[in-house]
Amino acid sequence: MAIEHDYFGLLESGPDGSIFWSENVEIGDQSVTVDLTAPEQDDVSAAALDVAAGLISGIEDIDRSARNAMVNELSDRTSEVTEYILQQQDAMGDELEELLVDISGDTHIDVIRSLQLMSMTILADEHGGSDPFAVLEYALDPDATDDVLLVNLGSDGEVLSVTSAE
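Just so we're aligned: 23 in full-length UniProt numbering is position 23 of the sequence shown, and the numbers increase by one with no gaps anywhere.
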């Protein structure tokens, strides 16, 4: 069986009934891997695919909202964003400045600006539910796959939470 969609084309299910679609999307000068997945094709609605297509098309706005949510977390000294930045400062020391795209004097903001959006994973079967519909993965160093921040989005594109991968 397969699902056909204007944006995604023909989404065929695997032998286990799951669907998977992947593509690289350009944002500015970086390439972001976008994956759409669902364990059961029957759990994916046309509305979910429409929302997913909208998120991908608006990925620059989604990225801006995610970064703003990270900035909002800075007021909480125990937030995962603050802890992530402190961990990066501790681990990299003076080398941190080499990864920053802009040095304004506010290291926390500079780190958030310098994070690279590595991937967006859309969990198409979670449309309309309370669990994340999409997860954005950010890293300061693209080679450090364990040192990432995850921004969880609802079906409406609103940020639900920001967590670290640890």
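We put the CB at the ideal spot given by N, CA and C, even for glycine. Computed from a predicted structure; not experimentally measured.
Would a C-beta distance cut-off of 8 Å place residue i and residue j closer than the cut-off?
i, j, result
"ILE112", "VAL151", "no"
"GLY128", "SER155", "yes"
"GLU32", "ILE59", "One detail in the question is off: residue 32 reads as Val in this sequence, not Glu. Taking 8 Å as the Cβ cut-off, VAL32 and ILE59 qualify as a contacting pair."
"LEU140", "ASP147", "yes"
"LEU153", "LEU160", "yes"
"ALA165", "THR37", "no"
"VAL101", "THR121", "no"
"GLN87", "LEU96", "no"
By alpha-carbon positions, which one of the options ends up nearest to residue i?
i, options, result
"GLU26", "ILE3, SER57, GLY105 and VAL51", "SER57"
"LEU11", "SER18, GLY17 and ILE3", "ILE3"
"GLY28", "ALA165, THR163, ILE122 and GLN116", "GLN116"
"ILE109", "MET120, ASP35 and ILE85", "ILE85"
"VAL162", "HIS5, GLU73 and SER45", "GLU73"
"SER18", "ASP143, ASP6 and VAL44", "VAL44"
"GLY14", "ASP94, SER22 and GLU40", "GLU40"
Strictly by DSSP, which residues pair up with residue i?
i, result
"SER164", "LEU149"
"VAL159", "LEU153"
"ALA2", "GLU12"
Whole beta strand (DSSP E) elements within the region 4 to 74, 3-residue minimum: If we require 3 residues or more, the beta strand (DSSP E) runs fully inside the region 4 to 74 come out as 9 to 12, 19 to 27 and 30 to 38.
Please give the ranges of any beta strand (DSSP E) in the region 110 to 156, keeping only runs that are unbroken, at least 3 residues long and fully inside the region. Runs of the beta strand (DSSP E) inside the region 110 to 156: 116 to 123, 134 to 139 and 148 to 153.
Taking 8 Å as the cut-off, does the region 43 to 51 touch the region 69 to 83 (at least 3 CB pairs, one atom from each stretch)? The region 69 to 83, when compared against the region 43 to 51, does not touch it at the 8 Å Cβ threshold.
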